[in-house]
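Visitor: In the numbering used here, the protein residues as written are -1 to 155. Dropping the structure in here first, questions after.
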Amino acid sequence: MRISTRGQYSLEALLYLALLGEGETASTRTIAGATGISEGYLEQLLIPLKKAGIVRGIRGARGGSLPGKPLADITVGEILRTVEGSFAPVPCLEAAASCEAAASCGANRCPAQDSCIARTAWTDLYQEINDTIESITLADLAAGYTAKALTGGGSSL
């Protein structure tokens, strides 16, 4: 499992926005310049983040983007899932999650699901990944970045 540049850059862009003052906006050009992400690619990344309410766009001369909700309410998991999709390490767990949501698996159910000897390992891994990415908020990352920058530990996004 690898996080693509979509996930990496989305997280970097959101961290940049998190480090602005509350209510402050940044243009796509400003974010792109600060993070090294191409402006066109960044615009593509912001679309699903805005649709999910993670980023809010403000129109006008002083417009731009800003976090769509409090930083403590935006998790790394929410950001990554929005741009990457599921983090299920094997397809059967992804199918199982959608089956449970639909309350019926039908033809999507893995025929070996009940007898799979590796299922416990895959399920545990999936749970650990989800627990970890859901436990880290944008507020946590911003606080860590600020503390590191203040102590001379570096300041590059």
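By construction, the Cβ of each residue, glycine as well, lies at the ideal position given by its N, Cα and C atoms.
So the candidates are I56, Q125 and T130; which of them puts its Cα closest to the Cα of V88?
Guide: Of the candidates I56, Q125 and T130, the one whose C-alpha sits nearest the C-alpha of V88 is Q125.
Visitor: Please state the DSSP three-state secondary structure of V88.
Guide: Coil, per DSSP.
Visitor: Going by the CB atoms, is the gap between V74 and P46 shorter than 9 Å?
Guide: Cβ atoms of P46 and V74: not closer than 9 Å.
Visitor: Could you give the residue range of the beta strand (DSSP E) that holds I56?
Guide: V53 to I56 is the span of the beta strand (DSSP E), which, as asked, contains I56.
Visitor: Give a yes or no on whether the C-beta atoms belonging to A16 and L43 are separated by under 9 Å.
Guide: Not in contact: A16 and L43 (Cβ atoms no closer than 9 Å).
Visitor: Here's the rule: buried if 16 or more other CB atoms are within 10 angstroms of the residue's CB, otherwise exposed. What is T118?
Guide: That one is exposed.
Visitor: On the premise that I29 lies in contact with Y14, defined as a C-beta separation below 8 Å, what is that separation, rounded to the nearest angstrom?
Guide: So it is a contact: roughly 5 Å between Cβ atoms.
Visitor: For Y7 and T121, what's the separation of their Cα atoms in angstroms?
Guide: The straight-line gap from Cα to Cα measures roughly 28 Å.
Visitor: Just verifying my parser: in three-state terms, what is the DSSP assignment at L13?
Guide: In the structure shown, L13 sits in a helix (DSSP, three-state: H, G or I).
Visitor: If I56 sits next to T23, beta carbons under 8 Å apart, how far is it from one beta carbon to the other, in whole angstroms?
Guide: That pair is a contact at about 5 Å.
Visitor: Tell me the DSSP bridge mates of T135?
Guide: BP columns for T135 point to T73.
Visitor: Whole angstroms are fine: how far does the CA of P68 sit from the CA of A137?
Guide: Approximately 8 Å, taken between the alpha carbons.
Visitor: Mind checking who V64 pairs with in its DSSP beta bridge?
Guide: The sequence given here places Leu at residue 64; Val does not occur at that position. Beta-bridge pairing links L64 to R54.
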